[in-house]
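Peer 1: Handing you a structure now.
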Amino acid sequence: MTDRIKAVLRTKNLNQKQAAELLKLSQSKMSKVISGEQTITPEALGTLIKEFDLYPNWIFGYEGTEDEVMYMKDLVPKSEVEKRDQLIQELRNELGDVYKQLAEERRGK
Numbered sequence: 325m326t327d328r329i330k331a332v333l334r335t336k337n338l339n340q341k342q343a344a345e346l347l348k349l350s351q352s353k354m355s356k357v358i359s360g361e362q363t364i365t366p367e368a369l370g371t372l373i374k375e376f377d378l379y380p381n382w383i384f385g386y387e388g389t390e391d392e393v394m395y396m397k398d399l400v401p402k403s404e405v406e407k408r409d410q411l412i413q414e415l416r417n418e419l420g421d422v423y424k425q426l427a428e429e430r431r432g433k
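Final position of the sequence shown in this note's numbering is 433; the numbers increase by one with none missing.
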């Protein structure tokens, strides 16, 4: 998680002092969090996620890479994914029908 916290700070152009103030941590604690010596407090982590609208699965390391910060606003709702999947299936079916027609026309010649 340390690398992901660093990525957020880098992306938001925050130094350790600014981050400590935002997260209500001492500069010493923030330094130790950044170096990996200590873990971030649950309260500070919650503030970080909420303040920057971070995708929790990303910050916890379940999804994405350390290099690319994932925000909630970038996620596609499940209903949209389902609509796209349905459209893709319909297009595949249509394409299959077109291929069948072409094959029949070629056989007929």
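Where is the CB? At the ideal position from N, CA and C, for every residue including glycine.
Remember, it's a predicted structure, so these values are computed and weren't measured experimentally.
(1) Note down the Cα distance separating P380 from D409, rounded to an integer number of angstroms.
(2) Hey, Q342 and I358: beta-carbon distance below 8 Å or not?
(3) Whole angstroms are fine: how far does the CA of D398 sit from the CA of K348?
(4) Among residues of its own chain, excluding the 5 on either side of D377, which ones have a beta-carbon nearer than 8 Å to its beta-carbon?
(5) For the stretch 350-432, which segments carrying the alpha helix (DSSP H) assignment without a break, of at least 4 residues, lie completely within its bounds, in sequence order?
(6) Express the C-alpha separation of M354 and Y386 in angstroms, rounding to a whole number.
(7) Using the rule of at least 16 other Cβ atoms within 10 Å of the residue's Cβ for burial, across every protein chain shown, is R328 buried or exposed?
(8) Cutting at 6 Å between CB atoms, please list the residues of its own chain near T371, excluding the five before and the five after it.
(9) Counting along the chain, where does the alpha helix (DSSP H) carrying K336 start and finish?
(10) Rounded to whole angstroms, how far is the Cβ of G360 from the Cβ of T326, which I believe are closer than 8 Å?
Peer 2: Quick look at the numbers:
(1) Here residue 380 corresponds to residue number 56 of the sequence shown, with the count starting at 1. Here residue 409 corresponds to residue number 85 of the sequence shown, with the count starting at 1. Near 25 Å, if we compare the C-alpha coordinates of D409 and P380.
(2) Taking the sequence shown and counting its residues from 1, one reaches residue 342 at position 18. Taking the sequence shown and counting its residues from 1, one reaches residue 358 at position 34. No, they are not a contact pair.
(3) In the sequence shown, the residue the question calls residue 348 occupies position 24. In the sequence shown, the residue the question calls residue 398 occupies position 74. Looking at the two C-alpha atoms, the distance is approximately 27 Å.
(4) Walking along the sequence shown from the start, residue 377 turns up at place 53. Contacts found: Y395, M396, K397.
(5) Taking only runs of at least 4 residues, the alpha helix (DSSP H) segments lying wholly in the stretch 350-432 are 351-359, 366-376, 380-383, 402-432.
(6) Sequence index remark: in the sequence shown, residue 386 carries index 62 (1-based). Sequence index remark: in the sequence shown, residue 354 carries index 30 (1-based). Taking the straight line from one Cα to the other gives about 23 Å.
(7) The residue given as residue 328 occupies position 4 in the sequence shown. Buried, because 16 or more other Cβ atoms sit within 10 Å of the Cβ of R328.
(8) Position 47 of the sequence shown, counted from the first residue, corresponds to residue 371. Hits under 6 Å: L347.
(9) In the sequence shown, residue 336 corresponds to position 12, counting from 1. Unbroken run through K336: none, as it is neither H nor E.
(10) The count along the sequence shown starts at 1 and reaches residue 360 at position 36. The count along the sequence shown starts at 1 and reaches residue 326 at position 2. Distance from G360 to T326 at the Cβ level is roughly 4 Å; contact confirmed, criterion being Cβ atoms closer than 8 Å.
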